[in-house]
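**Q** Right, I'll just put the structure down here and ask away after.
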Amino acid sequence: MSAVAESPNSLAVATRTDESVAVLTVGGLLDASNCGALRDSISKATLQKPSAVIVNINGLKVPAEAAWSAFISAHLQLSTDALVPIVLVSTDRTTRDAVTRSEVTRFMPVYSTEKGAMKALSRLRRQTIRRADAALPANLTSLRESRRLVREWLTEWKQPGLIPVALVVVNVFVENVLEHTGSIPKMRIETDGVTATIAVSDESTSAAVRLPSPDKGIDVSGLAIVDALSRAWGSTATSSGKSVWAVIGPENQL
1 MSAVAESPNS
11 LAVATRTDES
21 VAVLTVGGLL
31 DASNCGALRD
41 SISKATLQKP
51 SAVIVNINGL
61 KVPAEAAWSA
71 FISAHLQLST
81 DALVPIVLVS
91 TDRTTRDAVT
101 RSEVTRFMPV
111 YSTEKGAMKA
121 LSRLRRQTIR
131 RADAALPANL
141 TSLRESRRLV
151 REWLTEWKQP
161 GLIPVALVVV
171 NVFVENVLEH
181 TGSIPKMRIE
191 TDGVTATIAV
201 SDESTSAAVR
211 LPSPDKGIDV
221 SGLAIVDALS
231 RAWGSTATSS
241 GKSVWAVIGP
251 ENQL
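Note that the sequence shown covers residues 1 to 254 in UniProt numbering.
In structure tokens form, the structure reads like this:
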């Protein structure tokens, strides 16, 4: 089933089911105006409780590489019980490279064919994903509460080695929300048993940006610390503002 966009600047999504796997075929142009539609389509597909979701992006055009972060946003906005693997498919090497550069593969691996994606799903389904969310108060008590929850969840999930770095990261993210927005910080922690993702969302549409390093001295800004302590981090638009996220692994130690 192909996805045909109504105009060159629109997005189209066609859905089919293949052996309990939801296959989304996306066509057209992806930009800031329709990222929300893409997020909603992926979220809707997971609600049907498929064994996995494959998103075929062969027909998708993405002129601005930053728009790829819509897939990260889709992942971060999945419900806590939507734990099915989501993978991307593109036959085009240039597209796969762009997806990788945009850090999307931290959340959704990309394959060159649907057949290859199908073969990988058996391994991906064996991964145990754990995910938890919390809305925090819009005051300084959320700093202590966020650290308490991170420690509690990662201990419960038997990931004690990730706790020290996770505490630093979540503290930076929550502090930035309190300092720069009037929002309630919304926190998500997720682990696949090896890595952990820490994400904090707010209602500001201004992306979190690491400021340029000073000409002299050491850059000790919060996001500079996150950058130094994590595998990757980023800021992605959501339906209500933005999420700032970081992925940490066993090599990220304090």
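Each residue gets a CB set at the ideal place from its N, CA and C atoms; glycine is no exception.
1) Use the C-beta contact count for N139: other C-beta atoms within 10 angstroms, 16 or more gives buried, fewer gives exposed.
2) Can you list the beta strand (DSSP E) stretches of 3 or more residues lying completely in the region 143-221, in chain order?
3) Report yes if the C-beta distance between A232 and V247 is below 7 angstroms; otherwise report no.
4) Could you give the first and the last residue of the continuous alpha helix (DSSP H) run that contains S243?
5) Are the CB atoms of A199 and L76 nearer to each other than 7 angstroms?
6) Should P185 go down as buried or exposed, given a rule of 16 or more other Cβ atoms within 10 Å for buried?
7) Which of the three DSSP states is assigned to K119 in this structure?
8) Is the beta carbon of E145 within less than 6 angstroms of some heavy atom of the ligand ADP?
9) If you draw a straight line from the C-alpha of L60 to the C-alpha of R144, how long is it?
10) Candidates Q253, L162 and F71: which alpha carbon is nearest T100's?
11) Apart from the five residues on each side of it in sequence, which residues of its chain come closer than 7 angstroms, Cβ to Cβ, to A166?
12) Based on Cα-Cα distance, which residue from M108, T17, R126 and G161 lies nearest to E251?
13) Could you tell me the distance, in whole angstroms, from the CA atom of A14 to the CA atom of T205?
14) How many angstroms separate the CA atom of S122 from the CA atom of P85?
15) Just to confirm, are T191 and W245 a CB contact at a threshold of 7 angstroms?
16) For the region 70-102, list the alpha helix (DSSP H) runs that are entirely contained and at least 4 residues long, ordered along the chain.
17) By a C-beta neighbour count over all protein chains shown, 10 Å radius and 16 as the cutoff for buried, is P50 buried or exposed?
18) Pairing CB atoms from the region 126-142 with CB atoms from the region 89-107, are three or more of them under 8 angstroms?
19) Within a Cβ cutoff of 7 angstroms, which residues of the same chain sit near T105, ignoring the five residues on either side of it in sequence?
20) Compare the C-alpha of A237 against each of T17, E19, N34 and S20 and name the closest.
21) List the endpoints of the continuous alpha helix (DSSP H) containing R39.
22) For residue 256, is the classification buried or exposed, using 16 other Cβ atoms within 10 angstroms of its Cβ as the cut-off for buried?
23) Looking only at its chain, what residues have a beta carbon closer than 8 angstroms to the beta carbon of S221, apart from the 5 residues adjacent to it on each side?
**A** In short, the structure shows the following:
1) exposed
2) 186-191 and 196-202
3) yes
4) Run containing S243: none in the alpha helix (DSSP H); it sits in the beta strand (DSSP E), K242 to I248.
5) yes
6) buried
7) helix
8) No copy of the ligand ADP occurs in the structure displayed, which carries no ligand at all.
9) 43 angstroms
10) F71
11) V150, L154, A196, I198 and I248
12) G161
13) 29 angstroms
14) 10 angstroms
15) no
16) 93-101
17) buried
18) no
19) V99
20) N34
21) C35 to L47
22) Missing from the structure shown is residue 256; the chain here goes from 1 to 254 and no further.
23) R210 and L211
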